[in-house]
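Data block below; observations after.
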Amino acid sequence: MSTYDERPWLARYDAGQPHDVAAEFPNALEMFQDSVRRHPDLPLIHYFDGTLTVREFDELTDAFACALLERGCSPGDRVALYLQNVPQFGIAMVGAWKAGCIAVSINPMNRHRELALLLADSGARVLVALRGLYESVGAAVLPDSPVELTITTSEHEYQTRSDPRALPDPIETVPTGTEDMAGLIAAHRGRRPPRVSPGPDDVAVLTYTSGTTGPPKGAMNTHGNIVFDARVWRDWIGVGADDVILGVAPMFHITGMVGHLALALLTPAPLVLTHRFEATAAVDAIREHRPTFTVGAITVFIALMNAPGASKDDFTSLRKIYSGGAPIPPSTVQAFEQQFGQRIHNVYGLTETSSATHAQPFHAESPVDELSGALSVGVPVYSTDVRIVGEDGADLPPGEEGELVISGPQVVPGYWNKLEETAHALPGGALHTGDVGYMDAAGWFYLVDRKKDQINAGGYKVWPREVEDVLYEHPAVREAAVVGVADPYRGETVKGYVSVRPGQRATPEELVAFCKERMAAYKYPREVEVLDELPKTTTGKLLRRELRAR
Ligand code: AMP
354 MSTYDERPWL ARYDAGQPHD VAAEFPNALE MFQDSVRRHP DLPLIHYFDG TLTVREFDEL
414 TDAFACALLE RGCSPGDRVA LYLQNVPQFG IAMVGAWKAG CIAVSINPMN RHRELALLLA
474 DSGARVLVAL RGLYESVGAA VLPDSPVELT ITTSEHEYQT RSDPRALPDP IETVPTGTED
534 MAGLIAAHRG RRPPRVSPGP DDVAVLTYTS GTTGPPKGAM NTHGNIVFDA RVWRDWIGVG
594 ADDVILGVAP MFHITGMVGH LALALLTPAP LVLTHRFEAT AAVDAIREHR PTFTVGAITV
654 FIALMNAPGA SKDDFTSLRK IYSGGAPIPP STVQAFEQQF GQRIHNVYGL TETSSATHAQ
714 PFHAESPVDE LSGALSVGVP VYSTDVRIVG EDGADLPPGE EGELVISGPQ VVPGYWNKLE
774 ETAHALPGGA LHTGDVGYMD AAGWFYLVDR KKDQINAGGY KVWPREVEDV LYEHPAVREA
834 AVVGVADPYR GETVKGYVSV RPGQRATPEE LVAFCKERMA AYKYPREVEV LDELPKTTTG
894 KLLRRELRAR
């Protein structure tokens, strides 16, 4: 019997109606335009002391779209965003859509090598970057990239200004060779771009994930994917216009992009942004804006528990708290509830599923797997089919462990320009997640293992191969293997093992520093151990499992 056929959760949690993706809105622009019609004067984004209303955001995105078109952008062009959680992330993304373009989301922690790969793979013609990131990383990468137009912006923009019509901040200098985003918007303010109407299957954004082999892959999140999963957050979790969203997840990642930004565009509930997550700033924002909903990695909630001065009173409004992206220790849920009086709910999904596929219903208690101690990731959200399959690809009955294979309106159609990887991960359109788990008799799902080599460092995913590639760039390194090891804060962290070439020397500290310089901060190995020989099979394959067991 297929786990899907059984679907015991349906009777209890699914509203039962069909969720035709295109039925409500064919694309994410229509979804937002509906909010403009219904609630133009509601706040859409709070950023420190600045606020943008729905109408202002609409005007700013119109202006940005006009600027892109005037600078020669054509439908289908890729516009890369290299930004922190600043209002410009939303403005550039929606502006790109209004110009008929596809957004490309880039982790602001990425360094030269990573940025160069993503720009080349996506073929981005435009880059929108924070000035600091442009100066420290972007400028060196751009000459060898497909980017023709670079637009820079400042994290101070929209921070205090109550009137976004005001001229750009005069103390900011715009780096030579780049255009100022605020200046472009001011120059086009009041104009509307010609209307575009992408279909649900048109790509809205490329979100990058790495893989076991080869360069990063751009998951093609379509307009239909994004509208559907924004509606999951609204209808299934229950977030509406009277909620306030606290933006703790990075918007470059699918959780923040859909569970914060797209949800705000749909409802419209105001989204509170703080540039990047920092516990003290988040507590200040909680006191000021009294958010009611948030979703983020469990490390966010651990950091909040350790934020000086944070009290139960601060959290009285924040009732709808979800955490996903990494395993949640049940003891952390208990400690958080004890300290702040609020329950953390589990949500599960992947970049390739445009955020949630499973969640703990808001009013339900998630059971814990007695053997592994894992908190259930919840039950599938509506219109989502989840099968547990064995090594032979056959469906397994409740209680048996296998790989989660997911189909639904939130599953991407594939990876950008990567037919082989698409066929491998999404045969027949069903996503093979690489996560191993089971469904219990009541329909709750549990993750117990991973088929993939991925390391999950507090929700940030690291692929050993990428770190190993960088270690191999070091002249003294003969062999390198990277594994995940337990870490009390991040759940898992990155550890490297190397052997060195005859006659060469490299200290662990030197190797850590070497990697740190060359990759995003969450990826570099926190520890490197130098061994005479790395453990291998008789055929010479590195034995990661053995290293993990050390
Ligand atoms: P990403 O593509 O960064 O969203 O990562 C997706 C992966 O994160 C999944 O394949 C899981 O391995 C992991 N993950 C997501 N949500 C959870 C959760 N609630 N509990 C445990 N692991 C999770």
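Quick note: to get this note's numbering, add 353 to the position in the sequence shown (first position is 1).
Yeah, the Cβ is synthetic: ideal placement off N, Cα and C, and Gly gets one too.
query                                                                                                           : result
The ligand AMP heavy atom lying under 7 Å from the CB of glycine 702                                            : yes
Backbone secondary structure at lysine 771 - three-state DSSP                                                   : coil
Cβ neighbours of proline 546 in the same chain (closer than 7 Å, five flanking residues each side left out)     : Asp415, Ala418, Cys419, Leu422, Lys451, Ala452
Nearest neighbour of valine 648, chosen from Gly677, Val765, Leu626 [CA to CA]                                  : Gly677
Identified DSSP bridge partners for isoleucine 697                                                              : Ile674
Span separating the alpha-carbon of threonine 513 from that of phenylalanine 401                                : 7 Å
Leucine 599 - DSSP class collapsed to helix/strand/coil                                                         : strand
Span separating the alpha-carbon of leucine 486 from that of tyrosine 435                                       : 8 Å
Straight-line Cα distance separating aspartate 387 from methionine 354                                          : No answer about methionine 354 holds up, because its pLDDT of 36 lies below 50 and its placement is not dependable.
Check: aspartate 788 C-beta below 7 Å from any heavy atom of the ligand AMP                                     : yes
Three-state class that DSSP yields for leucine 604 in the structure shown                                       : It should be pointed out that residue 604 corresponds to methionine in this sequence rather than to leucine. Three-state result, methionine 604: coil.
Rounded C-alpha distance that separates proline 680 from threonine 652                                          : 10 Å
Proximal residues to methionine 658 (C-beta, below 7 Å), its chain only, five neighbours per side dropped       : Ala688, Phe689, Gln692
Cα-Cα separation, leucine 895 to serine 670                                                                     : 51 Å
Paired residues, beta bridge with threonine 406 - DSSP                                                          : Pro396
Residue closest to glutamate 525, alpha-carbon to alpha-carbon, out of His698, Glu510, Ala539                   : Glu510
Local Cβ density within 10 Å of alanine 834, reported as buried at 16 or more and exposed below that            : buried
Reduced DSSP category for threonine 356 - H, G, I as helix; E, B as strand; rest coil                           : At threonine 356 the pLDDT is 45, less than 50, meaning the model places this residue with poor confidence; the figure from the coordinates comes in the next sentence. Threonine 356 falls in the helix class under three-state DSSP.
C-alpha distance - leucine 749 paired with aspartate 793, whole-angstrom precision                              : 11 Å
8 Å contact criterion, which proline 621 and leucine 397 should meet: CB distance rounded                       : 6 Å
Reduced DSSP category for alanine 368 - H, G, I as helix; E, B as strand; rest coil                             : Low local confidence applies: a pLDDT of 45 at alanine 368 is under 50, so the model's placement there is unreliable, and no value is given.
Bridge-paired residues (DSSP) for lysine 814                                                                    : Asn809
Segments of 3+ residues assigned as beta strand (DSSP E) that fall wholly inside the segment 495 to 549         : 502 to 506
Validate contact between the segment 378 to 386 and the segment 574 to 585 using beta carbons, cut 8 Å, 3 pairs : yes
Inter-residue spacing [alpha-carbon to alpha-carbon] between serine 719 and asparagine 574                      : 29 Å
For tyrosine 768 and lysine 889, believed in contact at Cβ under 8 Å, the rounded distance                      : 31 Å between Cβ atoms; not a contact.
Residue from Ser707, Thr531, Val830, Phe646 whose Cα sits closest to the Cα of aspartate 559                    : Looking at the sequence itself, residue 559 is leucine, so the reference to aspartate does not match. Of Ser707, Thr531, Val830, Phe646, the residue nearest in Cα terms is Ser707.
Complete beta strand (DSSP E) runs within the segment 823 to 895 (minimum length 3 residues, chain order)       : 830 to 840, 844 to 853, 880 to 883
Inter-residue spacing [alpha-carbon to alpha-carbon] between glycine 448 and aspartate 745                      : 46 Å
Test: glycine 577 CB closer than 8 Å to a CB of chain C                                                         : Although the question refers to chain C, the structure presented lacks it and comprises just one protein chain.
Where leucine 483 falls, given that 16 or more other Cβ within 10 Å makes a residue buried                      : buried
C-beta contact flag for leucine 470 and isoleucine 459 at 8 Å                                                   : no
Under the three-state DSSP convention, the category valine 389 falls into                                       : helix
Member of Gly731, Ala477, Gln695 whose CA lies at the smallest distance from the CA of alanine 795              : Gly731
Range covered by the alpha helix (DSSP H) that runs through arginine 643                                        : Unbroken run through arginine 643: none, as it is neither H nor E.
Minimum C-alpha distance to arginine 854 - residue among Val830, Leu468, Leu624, Asp806                         : Val830
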